[in-house]
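A.B. asks: Before anything else, here's the structure in question.
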Amino acid sequence: MQAYQSPWMTEDHAIFRDAVRKFVDAEFVPNRERWIEQKRMEPEFWRKAGEVGMLCPDVPTEYGGAGVDFGFDAIVYEEMQRSCISSFGNAIQSIVAHYLLVYGTEEQKHRWLPKMATGETISAIAMTEPGTGSDLQAVTTTALRDGDEYVVNGSKTFITNGTNANLICVICKTDPTARAKGISLVMVETDGLEGFSRSPPLGKIGMQGQDTCELFFDGCRVPVSNLVGLEEGKGFYQLMAQLPRERLIVGLVSVAAMEAALAITIEYTKGRRAFNKAIIEFQATRFKLAEKKTETRIARVFVDYCIERLIAGELDAETASMAKWWCSQKQFELASDCLQLHGGYGYMTEYPIAHYFIDSRVQMIYAGSNEIMKELISRSL
Ligand SMILES: Cc1cc2nc3c(=O)[nH]c(=O)nc-3n(C[C@H](O)[C@H](O)[C@H](O)COP(=O)(O)OP(=O)(O)OC[C@H]3O[C@@H](n4cnc5c(N)ncnc54)[C@H](O)[C@@H]3O)c2cc1C
176 MQAYQSPWMT
186 EDHAIFRDAV
196 RKFVDAEFVP
206 NRERWIEQKR
216 MEPEFWRKAG
226 EVGMLCPDVP
236 TEYGGAGVDF
246 GFDAIVYEEM
256 QRSCISSFGN
266 AIQSIVAHYL
276 LVYGTEEQKH
286 RWLPKMATGE
296 TISAIAMTEP
306 GTGSDLQAVT
316 TTALRDGDEY
326 VVNGSKTFIT
336 NGTNANLICV
346 ICKTDPTARA
356 KGISLVMVET
366 DGLEGFSRSP
376 PLGKIGMQGQ
386 DTCELFFDGC
396 RVPVSNLVGL
406 EEGKGFYQLM
416 AQLPRERLIV
426 GLVSVAAMEA
436 ALAITIEYTK
446 GRRAFNKAII
456 EFQATRFKLA
466 EKKTETRIAR
476 VFVDYCIERL
486 IAGELDAETA
496 SMAKWWCSQK
506 QFELASDCLQ
516 LHGGYGYMTE
526 YPIAHYFIDS
536 RVQMIYAGSN
546 EIMKELISRS
556 L
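Structure (structure tokens):
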């Protein structure tokens with residue numbers, strides 16, 4: 176059978192993939208266990224990744240990126256899954272960069288994007304609060320104007336890159352009396368910021384090396400020039416317009432994790448023996464793997480279609496929501512089935528399949544839960 180090749184892949188993408196793979200194997204993989212133990216990776220690895228072009232490659236060169244297409248960004252997510260690294264929060268960096276790119280003023284783009292591309296700046300996006308997640312319009316964190324500053328009060332939870340971030344895109348109400356129309360995106364620079372604090376990294380059942388924490392804003396004063404696009408009340412619409420990209424990234428990560436988990440499981444079942452046979456020789460095993468291979472290919476073809484649409488500037492919210500919910504659901508099912516085929520070894524954290532399994536669970540929850548995805552799709556019925 177012919178090997179499948181993503182239609183958006185070119186020779187330049189292949190060269191970039193090779194460089195990313197070498198870098199990840201040399202710099203990330205040897206540190207994977209330590210990052211899991213300490214629940215975060217150190218900022219110096221962000222700067223190393225920036226040096227090889229792994230951060231914000233699809234940001235134009237005038238703002239410090241490589242000016243290439245989303246395919247290069249996609250390769251970084253894929254290589255992270257191939258090597259079972261979930262500590263690197265580069266997807267969030269890419270998402271924040273795109274809010275700035277699309278809605279920021281020239282001054283804001285030049286101020287923040289180049290250092291995000293080098294990894295000197297690490298960003299986070301703070302939407303979720305202890306009291307609200309799916310219902311984004313109900314956020315209660317406020318940014319109220321006082322002269323040339325906003326005074327930010329409130330708290331956020333489950334924030335990826337929360338410990339390392341020094342630039343946080345905070346979703347807050349500039350008009351607390353309104354719902355969607357009261358929401359604005361305010362960039363908070365945290366170095367030396369009075370009234371700002373963070374919790375220690377939160378303990379999670381999966382993605383244990385990824386830095387996730389709570390953030391507290393107690394009268395933090397932020398210049399009004401940090402309001403994304405300098406117009407109040409636009410935040411909800413800015414978020415909605417960019418969410419397809421974020422949701423495609425989750426779908427893509429799911430597919431890459433499926434491909435990686437399936438490959439190691441095929442190898443394992445060829446090597447492990449029971450009843451004088453390799454595990455793969457049992458028809459039950461082969462049929463299960465055949466089903467998983469089919470689902471992985473279907474997911475890949477659909478995600479590649481979405482990537483092509485995104486590169487063409489034509490990915491709609493409904494299609495991206497389909498990619499997010501379906502691929503993350505299939506990822507979870509595949510990880511569970513592949514773990515089963517490893518027997519007891521699959522339950523041992525020493526074996527990568529255990530990580531593919533525990534890391535898969537959250538994909539159905541964040542970036543808009545899968546129920547919210549179906550809600551969005553159902554509006555077009
Ligand atoms: C590891 C991790 C990292 C995260 N990173 C970030 C981050 O970087 N930034 C950030 O802002 N947030 C982040 N989140 C938060 C995440 O986006 C939210 O957890 C998610 O949006 C769900 O919100 P919630 O937890 O408040 O659940 P709730 O909104 O309370 O939902 C609870 C349940 O009710 C369901 N539900 C809610 N509304 C509906 C509805 N209308 N119809 C049907 N079912 C519904 C949900 O699907 C869910 O099953 C992260 C979460 C985790 C676990």
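Numbering (our numbering), first residue to last: 176 to 556.
Ideal placement from N, C-alpha and C gives every residue a C-beta, glycine not left out.
What you are looking at is a predicted structure, and each value in this text was computed from that prediction instead of being measured.
Suppose only complete runs of 3+ residues qualify. What are the beta strand (DSSP E) ranges in the segment 240-321, listed by chain order?
C.D. replies: With a minimum length of 3 residues, the continuous beta strand (DSSP E) runs that stay inside the segment 240-321 are 298-301 and 317-321.
A.B. asks: Assuming Ile358 and Val314 form a contact by the criterion Cβ under 8 Å, report the distance between their Cβ atoms to the nearest whole angstrom.
C.D. replies: As a first step, residue 358 is located in the sequence shown; it is residue number 183 there, counting from the start. As a first step, residue 314 is located in the sequence shown; it is residue number 139 there, counting from the start. Contact flag correct, Cβ pair sits at about 7 Å.
A.B. asks: How close, in whole Å, do the beta carbons of Glu253 and Lys223 come, if the pair is a contact with beta carbons under 8 Å?
C.D. replies: Looking up residue 253 in the sequence shown gives position 78. Looking up residue 223 in the sequence shown gives position 48. With a Cβ gap of about 19 Å, Glu253 and Lys223 do not count as contacting.
A.B. asks: Let me check understanding here. Comparing Cα to Cα, which of Glu546, Val428 and Ala474 lies closest to Asp534?
C.D. replies: Here residue 534 refers to the residue found at position 359 when the sequence shown is read from its first residue. Considering only alpha carbons, the answer is Val428.
A.B. asks: Helix, strand or coil: which one does DSSP assign to Tyr325?
C.D. replies: Counting from one through the sequence shown, the residue named residue 325 turns up at place 150. In the structure shown, Tyr325 sits in a strand (DSSP, three-state: E or B).
A.B. asks: Taking only heavy atoms of ligand 1 into account, decide whether any of them is closer than 8 Å to the Cβ of Met382.
C.D. replies: Stepping through the sequence shown from its first residue, residue 382 is reached at position 207. Yes; taking the cut-off as 8 Å, the Cβ of Met382 has a heavy atom of ligand 1 nearer than that.
A.B. asks: Considering only their Cβ atoms, is the gap separating Pro527 from Ala453 smaller than 9 Å?
C.D. replies: Stepping through the sequence shown from its first residue, residue 453 is reached at position 278. Stepping through the sequence shown from its first residue, residue 527 is reached at position 352. No, Cβ-Cβ distance for Ala453 and Pro527 is not below 9 Å.
A.B. asks: May I ask you to list the residues that DSSP assigns as paired with Pro398?
C.D. replies: The count along the sequence shown starts at 1 and reaches residue 398 at position 223. Pro398 pairs with Glu324.
A.B. asks: Below 6 Å CB to CB, which residues in the same chain sit around Val199 once its five sequence neighbours on both sides are set aside?
C.D. replies: As a position in the sequence shown, residue 199 is number 24, starting the count at 1. These residues qualify, in order along the chain: Glu254 and Ser258.
A.B. asks: With distances taken Cα to Cα, identify the nearest neighbour of Tyr274 among Lys445, Asp248, Glu407 and Met362.
C.D. replies: Counting from one through the sequence shown, the residue named residue 274 turns up at place 99. The shortest C-alpha separation from Tyr274 is found at Met362.
A.B. asks: So for Glu550, helix, strand or coil by DSSP?
C.D. replies: For the purposes of this step, residue 550 is taken as the residue at position 375 of the sequence shown. Looking at Glu550 - three-state DSSP - the assignment turns out to be helix.
A.B. asks: Within the same chain, show all residues whose beta-carbon is closer than 8 Å to that of Leu490, passing over the 5 residues directly before and after it, in chain order.
C.D. replies: Taking the sequence shown and counting its residues from 1, one reaches residue 490 at position 315. Excluding residues within five positions, the ones whose Cβ falls inside 8 Å are Pro419, Arg420, Leu423, Cys481 and Arg484.
A.B. asks: With DSSP collapsed to three states, give me the class of Arg420.
C.D. replies: On the sequence shown, position 245 is the one that residue 420 refers to. Helix.
A.B. asks: So, is Asn265 buried or exposed, given that buried needs 16 or more other C-beta atoms within 10 angstroms?
C.D. replies: By one-based count along the sequence shown, residue 265 stands at place 90. Label assigned to Asn265: buried.
A.B. asks: Just curious, the alpha helix (DSSP H) that Phe462 is in, first and last residue?
C.D. replies: For the purposes of this step, residue 462 is taken as residue 287 along the sequence shown, with counting starting at 1. Counting along the chain, the alpha helix (DSSP H) containing Phe462 begins and ends at Gln458 to Ile486.
A.B. asks: Examine chain B for any beta-carbon lying closer than 9 Å to the beta-carbon of Ala292, and answer yes or no.
C.D. replies: No chain B appears in the structure shown, which is made up of a single protein chain.
A.B. asks: Looking at Leu360: is its Cβ nearer than 9 Å to the Cβ of Leu390?
C.D. replies: Stepping through the sequence shown from its first residue, residue 360 is reached at position 185. Stepping through the sequence shown from its first residue, residue 390 is reached at position 215. For Leu360 and Leu390, no; Cβs fall outside 9 Å.
A.B. asks: What's the C-alpha gap between Thr236 and Ser181?
C.D. replies: Here residue 236 corresponds to residue number 61 of the sequence shown, with the count starting at 1. Here residue 181 corresponds to residue number 6 of the sequence shown, with the count starting at 1. Going by the C-alpha atoms only, they are around 26 Å apart.
A.B. asks: Residues in its own chain within less than 7 Å of Ala194 by CB, not counting five upstream and five downstream?
C.D. replies: Mapped onto the sequence shown, residue 194 falls at position 19. So the list reads Val227, once near-sequence residues are dropped.
A.B. asks: Classify Ser555 as buried or exposed, calling it buried when 16 or more other Cβ atoms lie within 10 Å of its own Cβ.
C.D. replies: To locate residue 555, count along the sequence shown from 1; it is residue 380. Result: exposed.
A.B. asks: Nearer than 8 Å: is that true of the beta carbon of Tyr541 relative to any heavy atom of ligand 1?
C.D. replies: The sequence position of residue 541 within the sequence shown is 366, counting from 1. Answer for Tyr541: yes, Cβ within range of ligand 1.
A.B. asks: Could you tell me whether the Cβ atoms of Phe191 and Ile250 are closer together than 9 Å?
C.D. replies: Walking along the sequence shown from the start, residue 191 turns up at place 16. Walking along the sequence shown from the start, residue 250 turns up at place 75. The answer is yes: Cβ separation under 9 Å.
A.B. asks: With a cut-off of 8 Å on the beta carbons, I'd call Leu288 and Val243 a contact; round off their distance for me.
C.D. replies: Taking the first residue of the sequence shown as 1, we reach residue 288 at position 113. Taking the first residue of the sequence shown as 1, we reach residue 243 at position 68. With a Cβ gap of about 15 Å, Leu288 and Val243 do not count as contacting.
A.B. asks: Tell whether a beta-carbon distance below 9 Å holds between Thr303 and Thr349.
C.D. replies: Residue numbering aside, residue 303 sits at position 128 when the sequence shown is read from its first letter. Residue numbering aside, residue 349 sits at position 174 when the sequence shown is read from its first letter. It is not a contact, given that the beta carbons lie outside the stated cut-off.
A.B. asks: Assuming contact is defined by CB atoms lying nearer than 9 Å, are Tyr443 and Leu368 in contact in what I supplied?
C.D. replies: Sequence index remark: in the sequence shown, residue 443 carries index 268 (1-based). Sequence index remark: in the sequence shown, residue 368 carries index 193 (1-based). Against a cut-off of 9 Å, the Cβ pair of Leu368 and Tyr443 comes out as no contact.
A.B. asks: If you follow the beta strand (DSSP E) that Glu364 is part of, which residue opens it and which one closes it?
C.D. replies: On the sequence shown, residue 364 is found 189 positions in, with the first residue counted as 1. Ile358 to Glu364 is the span of the beta strand (DSSP E), which, as asked, contains Glu364.
A.B. asks: Tell me where the beta strand (DSSP E) around Ile380 begins and ends.
C.D. replies: The residue given as residue 380 occupies position 205 in the sequence shown. That residue, Ile380, is in no beta strand (DSSP E); it is neither H nor E in DSSP.
A.B. asks: Using only CA atoms, which one of Met382, Ile552, Lys467 and Pro398 lies nearest to Phe333?
C.D. replies: Residue 333 sits at position 158 when you count from the first residue of the sequence shown. The shortest C-alpha separation from Phe333 is found at Met382.
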